[in-house]
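In full-length UniProt numbering, the protein residues as written are 1 to 400.
Taking it in order: structure first as structure tokens, then the write-up.
What follows is the structure in structure tokens.
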């Protein structure tokens, strides 16, 4: 019977003896295994010191993708190894004993698993559509569906190539006009942190952002950097429009009759009512008769003005020779980059920014009727000196 009992319950005699031995009132004592903390468990205070350090470091949003990602970014000059070295310094300053300083692997683990942070922001002009087509193709097994996705992707790429071609035609047209036409490319550089220092204490300071709205004459190869900081103004459509007005105010070429401007498709900066009002204001106060504003396809927005920003970013790597403490220092630094390009820096004061809104213009804008996308087109806007604005929904050679 004893063996039958043990075999039925799949237990040994030792289990039975231990149960009887631990039973004092007819009930077996509660199992106490696993109640003791593991001797190698990391103390919560050590983890908290890591979190406190990471929380101290200034972070910023992506320039172009902030509407579709919650990820924040640290300075591109940082990495996890540098952060850990700063953390060790941080612990020393706080007189934290060495045995309570986290190891590098734990710092990395918490950084990657508890925070949505990165060091290098994504390219400003990544194409959601192209990424979507690639994902759809990988996840589709049906041949007919794959062909349909490929055809749609090809159409999307053809549209981007067409816009690049038209930009090239506009450049040639401006060259052959002998001064009566200009072709400009415009863009806002990613925010410049101020101060921009290499000492460890500067990493924990809240940065003042300096803005650089750049306009490049693609024919004359001259560029203008309109600069201000966030204590002066923001970086929305009204600020970009004010930069455009400031640019046209300094033009003195009486031969100029038509200007074509190319930009990316960022609605908050160059595709809004403030920019439209700026063009109508310019036409009413200048000899220019026509302003065309054309937009590259979102995600395919490489322009000549990007070369100026690349020069500035490249020179930033040598910043040790030129410490940046104030926004004025950024202006002097960018002027020093002009040995590689024709760059003029324009300081934007508070009174440089105009309130470009509907009430300031008494003109009438002529709109297409029945458009399901509204006035602000993805393709092009056309403004004429007679006080009208028009737009095109498709970008093709016959349109212009």
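Note that CB positions come from ideal geometry on N, CA and C, so glycine has one too.
Just so it is clear, the structure is predicted and the values come from calculations on it, not from any experiment.
Going by beta carbon distance, what residues of the same chain come within less than 6 Å of residue 104, once the five residues before and after it are set aside? 84
According to DSSP, which residues form a beta bridge with residue 226? 213, 346
Whole-angstrom distance between residue 88 and residue 226, CA atom to CA atom: 41 Å
According to the neighbour-count rule (16 or more other Cβ atoms, all chains shown, within 10 Å of its Cβ), is residue 234 buried or exposed? exposed
Quick one, which of 70, 53, 75, 74 has its alpha-carbon nearest residue 93's? 53
Give the secondary structure of residue 56 by DSSP, where H, G and I count as helix, E and B as strand, and everything else as coil. helix
Could you give the residue range of the beta strand (DSSP E) that holds residue 171? Careful: residue 171 lies outside any beta strand (DSSP E), inside the alpha helix (DSSP H) at 143-176.
Chain-order list of residues whose beta-carbon lies under 6 Å from that of residue 50 (same chain, five-residue window excluded): 102, 107, 110
Going by the CB atoms, is the gap between residue 288 and residue 259 shorter than 8 Å? yes
Helix, strand or coil: which one does DSSP assign to residue 233? coil
Which word fits residue 270, buried or exposed, when buried means at least 16 other C-beta atoms lie within 10 angstroms of its C-beta? buried
DSSP three-state label for residue 8, please. helix
Could you name the residues that DSSP lists as bridge partners for residue 184? 217, 261
Is residue 218 near residue 181, with beta carbons less than 8 Å apart? no
Just to confirm, are residue 283 and residue 273 a CB contact at a threshold of 8 Å? no
Nearest to residue 255 by alpha carbon, out of 352, 286, 55? 286
Kindly indicate which residue of 12, 97, 275, 228 has the alpha-carbon position closest to the one of residue 193. 228
According to DSSP, is residue 104 part of a helix, a strand, or is it coil? helix
Helix, strand or coil, according to DSSP, for residue 94 in the structure here? coil
Could you tell me if residue 348 is buried or exposed, where buried requires 16 or more neighbouring beta carbons within 10 angstroms of its beta carbon? buried
Hey, could you find the ends of the alpha helix (DSSP H) residue 280 is sitting in? 273-285
Going by the CB atoms, is the gap between residue 300 and residue 177 shorter than 8 Å? no
Could you check which residue in 1, 221, 231, 223 has the C-alpha nearest to that of residue 470? Residue coverage of the chain in this structure runs from 1 to 400, which leaves residue 470 outside it and unanswerable.
Looking at the secondary structure, which residues open and close the alpha helix (DSSP H) in which residue 134 lies? 128-138
Under the three-state DSSP convention, the category residue 288 falls into: coil
Closer than 6 Å by C-beta to residue 136: which residues in its own chain qualify, once you throw out the five before and the five after it? Chain order, please. 149
Identity of the residue in 30, 119, 100, 90 nearest residue 73 by Cα: 119
Under the three-state DSSP convention, the category residue 302 falls into: coil
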